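Here's the structure we're looking at; comments come further down.
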Amino acid sequence: MLVTVLVLLALALAVALFFWAGGQLRQMDALSAYPGRPAAGKGTNWLLVGSDSRRDLTHRQQQELHVGHEAVRNTDTVMLLHYGDSGPSLVSLPRDSYVAVPGHGKNKINAAYGLGGAKLLSRTVEQATGLRVDHYAEVDFLGLVRVVDALGGVRLCLDAPLKDEKSGADFPAGCSRMNGTQALAYVRARYSDPKGDLGRVQRQRALISAVSERMLGPGTLLNPFRTVPALDAALAALRVDGRTGVVDLTQMGLSMKQVAKGSGTATTVPVTGPGTAVAGAGDVLVWDAERARRLFRALRTDEPIPTSAEK
306 MLVTVLVLLA LALAVALFFW AGGQLRQMDA LSAYPGRPAA GKGTNWLLVG SDSRRDLTHR
366 QQQELHVGHE AVRNTDTVML LHYGDSGPSL VSLPRDSYVA VPGHGKNKIN AAYGLGGAKL
426 LSRTVEQATG LRVDHYAEVD FLGLVRVVDA LGGVRLCLDA PLKDEKSGAD FPAGCSRMNG
486 TQALAYVRAR YSDPKGDLGR VQRQRALISA VSERMLGPGT LLNPFRTVPA LDAALAALRV
546 DGRTGVVDLT QMGLSMKQVA KGSGTATTVP VTGPGTAVAG AGDVLVWDAE RARRLFRALR
606 TDEPIPTSAE K
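If you read the sequence shown in our numbering, its first letter stands for residue 306, the second for the next number, and so on.
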């Protein structure tokens, strides 16, 4: 009898959290129809975006987080998450990727957000990859910090020491538990990294995987005193497209956890080499056209990414 009561209480709590979470979702106009939009492929595609907005930061927070006070709003993180019968794949699109921005010529992919917001960024990604984006999710600096803190920190590992004055990163080699401010510094570091933006996207994937694993791990799910604050912080941090609901977010989170556990693929769009200087755009990364085509074709047809297409 006691077990039955406990199960019913757990179910009631789960149902209550489900409906509460649905009411907390912040939706935005991020996807649109337009002539020549790629047709839907097999599986589901998410565009995951990390905004570098300082809009909600106080001057003191800007200093503590080492993010400055720039008014231009771009994106620090652009990723595609695909899942279907072939399992999940997480693909980083480096912010310095040199692509066509509809109506604005060629530029870095992160400039699309500053020029036209989420709708132009999603259209830019669709046109560059040939993939239709089904869902969009965005989080900003402060939101990321609050989510990591609500989870009690996340465990991140480094093969070598990482020090970057501009991001505030100063970490020894090895694994450590990082709070929100430290995790932001870790993920934003790139100027002291010889790999530049390519090194940063690897840390971005590592952080997202760590957050997903922590959020959906037993230490959080089985502890209501951690579940509710973590879920509250995550919902406050996120903005999603108008068609995305709690079930969609749950599926996305579970796919991210699979990637973190090694049962999915994590990679970066192949590029032709290190940064190339382009007038008006600065140092950019040029995609390897043939390998990128094979990568995106595999996602469109929901097939495993061929080794020849991975970075």
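Glycine is no exception: its CB is placed at the ideal position from the N, C-alpha and C atoms.
Note that this is a predicted model, so its numbers are computed, not measured.
| Query | Result |
| --- | --- |
| Separation of Thr525 from Lys471, as counted between CA atoms | 33 Å |
| Arg531 beta carbon less than 8 Å from that of Gly457 | yes |
| Neighbourhood of Glu431 by C-beta distance below 8 Å, restricted to the same chain and skipping five residues each side | Arg342, Pro343, Arg437 and Val438 |
| Secondary structure of Glu510, DSSP reduced to three states | Before going on, a small fix: residue 510 reads as Arg here, not Glu. Helix. |
| CB contact flag (Ala539, Met520, <8 Å) | yes |
| Those residues which DSSP pairs with Lys411 across a bridge | Ala405 |
| Range covered by the beta strand (DSSP E) that runs through Lys347 | Taken as a continuous stretch (DSSP letters only), Lys347 belongs to no beta strand (DSSP E), as it is neither H nor E. |
| Own chain, CB closer than 8 Å to Arg495, minus 5 neighbours either side, in chain order | Asp469, Ser472, Gly501, Asp502, Gly504 and Arg505 |
| Nearest candidate by alpha-carbon position, reference Leu425, set Ala335, Leu352 and Asp464 | Ala335 |
| C-beta atoms of Gly485 and Val453 nearer than 8 Å | yes |
| Pairwise C-alpha distance: Val404 and Lys411 | 5 Å |
| DSSP state of Thr380 mapped onto helix, strand, coil | strand |
| Nearest residue (CA-CA) to Val576, options Arg598, Leu512, Ala474 and Gly422 | Arg598 |
| Outcome for Tyr339 when other beta-carbon atoms lying within 10 angstroms are tallied against a minimum of 16 | exposed |
| As assigned by DSSP and simplified to three states, the class of Ala291 | Residue numbering for the chain in the displayed model covers 306 to 616; residue 291 lies beyond these limits and cannot be assessed. |
| Simplified DSSP assignment, three categories, for Leu527 | coil |
| Chain-order list of residues whose beta-carbon lies under 7 Å from that of Leu420 (same chain, five-residue window excluded) | Val406 and His409 |
| Proximal residues to Gln487 (C-beta, below 7 Å), its chain only, five neighbours per side dropped | none |
| Best match in Ala542, Ala423, Arg451 and Asp381 for proximity to Arg281 [C-alpha to C-alpha] | The structure shown does not extend to residue 281, since the chain spans only 306 to 616, so no value can be given for it. |
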